[in-house]
Amino acid sequence: MEGTVSAIDITIIVLFVIGIIGWALRNRKSSDSESYFLAGKSMSWPMVGLSLFAASISSSTLIGHSGEGFISGIAVFNYNLMAVFVMIFFAMFFLPFYIKSGIYTIPEFLERRFDGRSRLYFSFITIIGNIFLDAAAALYTGALILKMMFPDIDMMWIIIGMGVVAGSYTIVGGLSSVINADAIQSVILLVGSIILSILCFDSIGGWENFVDRFHNGVWLKLIRPIDDPTVPWPGLLFGVTILSFYFWGNNQVMVQRVLSAKSIDEGRKGILFVGFLYMFTLFIFIMPGLIARGIDLFGIGDTLPNEIMSGSVLKEAYGINTDEVYPRLIVKLLPVGLIGVIIAAMISALTSTLSATLSSVSTLFTMDFYSRYVKVSDSKKMVKIGQIASFVALVIAISWAPFIQKFDSLVGYYQEMVSYIAPPIVGAFFIGVFWKRANAIGAFTGLMFGLTVAFLIMGLKYGLEINIGIHYLMLAPLLMMISMVVMAVVSLCTSLPPAEKVETNTWKVQLWKDETNELKGVAWYKNFRVLCAILAFLCLIEYLVFI
4 MEGTVSAIDI
14 TIIVLFVIGI
24 IGWALRNRKS
34 SDSESYFLAG
44 KSMSWPMVGL
54 SLFAASISSS
64 TLIGHSGEGF
74 ISGIAVFNYN
84 LMAVFVMIFF
94 AMFFLPFYIK
104 SGIYTIPEFL
114 ERRFDGRSRL
124 YFSFITIIGN
134 IFLDAAAALY
144 TGALILKMMF
154 PDIDMMWIII
164 GMGVVAGSYT
174 IVGGLSSVIN
184 ADAIQSVILL
194 VGSIILSILC
204 FDSIGGWENF
214 VDRFHNGVWL
224 KLIRPIDDPT
234 VPWPGLLFGV
244 TILSFYFWGN
254 NQVMVQRVLS
264 AKSIDEGRKG
274 ILFVGFLYMF
284 TLFIFIMPGL
294 IARGIDLFGI
304 GDTLPNEIMS
314 GSVLKEAYGI
324 NTDEVYPRLI
334 VKLLPVGLIG
344 VIIAAMISAL
354 TSTLSATLSS
364 VSTLFTMDFY
374 SRYVKVSDSK
384 KMVKIGQIAS
394 FVALVIAISW
404 APFIQKFDSL
414 VGYYQEMVSY
424 IAPPIVGAFF
434 IGVFWKRANA
444 IGAFTGLMFG
454 LTVAFLIMGL
464 KYGLEINIGI
474 HYLMLAPLLM
484 MISMVVMAVV
494 SLCTSLPPAE
504 KVETNTWKVQ
514 LWKDETNELK
524 GVAWYKNFRV
534 LCAILAFLCL
544 IEYLVFI
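If you want this note's numbering, it's the position in the sequence shown, counting the first as 1, plus 3.
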């Protein structure tokens with residue numbers, strides 16, 4: 004790999020990490036359970052938005068998306084752009100229910116609407132996903148960066164070191180420490196990524212040369228044919244939408260930050276703020292990955308064909324690990340000093356994802372399991388249990404992280420696993436909020452049926468190595484529809500749900516009318532509906548430019 008990391012860069016990295024830990028611990032809140040798990044519900048919209056951005060810049064959006072840009076062009080941006088539409092929908096319809104209910108965890112909402120069985124199942128699934136998908140992937144990607152800088156250090160020691168950094172303030176300081184660290188990391192990450200993106204475009208000769216180099220084929224097209232291996236258009240409309248809603252509307256890691264907002268309006272504006280930031284990830288994360296194909300980043304000359312190949316083919320035939328694309332761009336293009344700043348920001352962003360996940364697992368275990376079976380009135384003891392849960396989750400994630408390198412790419416690892424787990428859960432939330440007749444028996448039966456089908460698919464594909472022949476993004480809507488049909492049929496064949504569960508946890512047209520009256524006279528730039536419309540319009544323009 005070209006480029007070296009100087010003593011100046013290493014010093015900057017060390018000082019940055021120490022500074023972030025100190026800042027996070029200085030802003031900790033751990034005196035009681037609400038302070039530790041929800042930051043005292045005191046966060047303003049900029050803090051919510053920046054924290055959401057930092058937590059979401061995980062392996063699948065930083066290292067993974069630049070790698071997918073190298074593999075297949077800008078199609079992977081569909082995940083981010085479709086996510087913005089989902090954020091708008093979530094802010095309008097679901098967020099008010101979550102904040103008004105006073106819940107600590109998203110699974111807790113399922114109990115309010117259905118019963119404890121659905122809550123415990125979803126909480127268990129979320130904890131497993133948080134540890135093996137989110138936390139482990141964050142450790143792996145961060146270690147990948149450092150391994151390229153320090154090839155003589157065993158990767159396992161690097162993973163342990165990153166775990167210690169994230170755990171040092173997350174376990175002690177709770178969500179408040181995490182959010183305050185995220186805010187600083189987001190700003191530096193954005194500034195650093197913009198600088199690197201500018202240098203990437205300069206290295207290929209500017210925007211016009213970039214477009215000329217990749218205008219043939221589908222490299223610069225968001226809408227892909229039905230047989231596209233990355234994002235076939237039916238998968239974009241249905242599969243990506245489902246995965247995005249799961250990530251932004253059902254994922255404790257993300258929604259926990261929204262629950263920390265001081266009001267519904269602050270939470271909504273925080274969501275819209277991160278949606279605005281997401282529009283630019285095409286230029287600062289994904290396009291640099293595509294540019295890497297045009298500047299011979301891996302030193303193989305012109306031998307790489309101008310066609311889409313899977314990550315496994317690139318590894319086997321050309322020795323290219325696409326998870327290394329972004330780290331290699333950093334070391335190749337940035338000057339001494341700035342390398343340290345950018346790598347520190349990358350590492351910090353990845354530890355943000357890790358710390359967010361640890362906070363999520365801590366809250367889920369404590370509120371959904373421990374407090375359910377062990378009646379505890381002492382709020383400080385709840386904090387202690389949460390800290391222990393964070394530590395155990397960290398140890399498990401550290402142990403699993405090295406195995407992720409066996410997958411073709413991080414996006415493939417993350418998105419495919421989620422596409423099997425998420426659809427039944429998303430279906431349960433939708434049918435619960437928008438259909439009054441749905442009951443607890445129907446919801447739980449549908450969730451179990453969806454889980455069984457998901458395990459069957461994974462067993463056929465990975466256990467028996469049978470080619471299913473359907474892209475996982477098109478399997479997601481099928482899984483969701485099947486699960487929702489089961490929920491509906493069982494609900495109709497069984498008793499009516501209790502009136503109190505329906506009344507306060509389902510959407511009504513009157514809610515829209517009441518908000519319309521509340522927004523009368525509010526300036527347009529403070530009106531969340533106007534802001535939603537502006538953001539949706541900008542996203543449509545972006546689609547039209549790269550259609």
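In this text, a Cβ means the ideal position worked out from N, Cα and C, and glycines have one as well.
Query                                                                                                           : Result
Other residues of its chain near ALA186: CB distance less than 8 Å, five sequence neighbours each side excluded : PRO49, MET50, LEU53, SER54, ALA57
Which listed residue (GLY132, THR244, PHE288) has its alpha carbon closest to that of GLY70                     : PHE288
Cβ pair count under 8 Å reaching 3, the region 294–310 against the region 145–165                               : no
The region 201–215 / the region 417–427 touching (three or more Cβ pairs under 8 Å)                             : no
The region 339–354 touching the region 187–205, judged by at least three CB pairs closer than 8 Å               : yes
Segment contact flag, the region 139–153 with the region 273–280, C-beta cutoff 8 Å, min 3 pairs                : no
Those residues which DSSP pairs with MET3 across a bridge                                                       : The displayed coordinates of the chain run from 4 to 550. Any statement about residue 3 would go beyond what the structure contains.
Same chain, Cβ closer than 8 Å to ILE16, five either side skipped, listed in chain order                        : GLY343, ILE346, ALA347, ILE350
Cβ-Cβ separation, LEU482 to TYR124 (assumed contact under 8 Å), whole Å                                         : About 16 Å separates the two Cβ atoms, so there is no contact after all.
Environment of ALA94 [buried if 16+ CB atoms lie within 10 Å]                                                   : buried
Proximal residues to ILE11 (C-beta, below 8 Å), its chain only, five neighbours per side dropped                : VAL339, GLY340, GLY343
Boundaries of the alpha helix (DSSP H) in which ARG331 is found, first to last residue                          : 328–336
Run of the alpha helix (DSSP H) containing TYR101, from where it starts to where it stops                       : 98–104
Identity of the residues DSSP links to ARG227 by a beta bridge                                                  : PRO235
Sufficient close CB pairs (3 or more, under 8 Å) joining the region 452–466 to the region 506–516               : no
Terminal residues of the alpha helix (DSSP H) in which VAL17 lies                                               : 10–29
Buried or exposed by the 16-neighbour rule on C-beta atoms within 10 Å, applied to THR507                       : exposed
Sufficient close CB pairs (3 or more, under 8 Å) joining the region 248–267 to the region 95–105                : yes
Between the CA atoms of SER355 and PHE204 - distance to the nearest angstrom                                    : 28 Å
Inter-residue CB distance, THR129 and LEU397 (contact presumed, cutoff 8 Å)                                     : Between LEU397 and THR129 the Cβ distance is about 17 Å, and since that is not below 8 Å, they are no contact.
Span separating the alpha-carbon of GLY105 from that of PHE372                                                  : 18 Å
Nearest-angstrom Cα separation, counted from LEU280 out to ALA184                                               : 18 Å
DSSP-derived helix/strand/coil call for ARG271                                                                  : helix
Nearest to ILE182 (by Cα), restricted to the options ARG120, GLU319, SER263                                     : SER263
Limits of the unbroken alpha helix (DSSP H) element including GLU310                                            : From DSSP, GLU310 is part of no alpha helix (DSSP H); its letter is neither H nor E.
PRO480 (DSSP reduced to helix, strand or coil)                                                                  : helix
Own chain partners of ILE303 with C-beta closer than 7 Å, once the 5 adjacent residues on each side are dropped : TYR321
Minimum C-alpha distance to LEU336 - residue among PHE92, GLN188, SER200                                        : SER200
Environment of GLU5 [buried if 16+ CB atoms lie within 10 Å]                                                    : Summary for GLU5: the model assigns pLDDT 44, below 50, so the residue's position carries little reliability; its value from the coordinates is reported in the next sentence. Exposed, because fewer than 16 other Cβ atoms sit within 10 Å of the Cβ of GLU5.
DSSP three-state assignment for HIS68, whether helix, strand or coil                                            : helix
Neighbour-count burial assignment, CYS496, 16 or more Cβ in a 10 Å radius                                       : exposed
Spatial distance of GLY435 from ILE24 (CA atoms)                                                                : 41 Å
Straight-line Cα distance separating VAL328 from GLY67                                                          : 9 Å
Host alpha helix (DSSP H) of SER171 (start-end)                                                                 : 158–206
Beta-carbon spacing of ILE485, VAL456 below 8 Å                                                                 : yes
Residue environment, ARG296, which counts as buried when at least 16 other CB atoms sit within 10 Å             : buried
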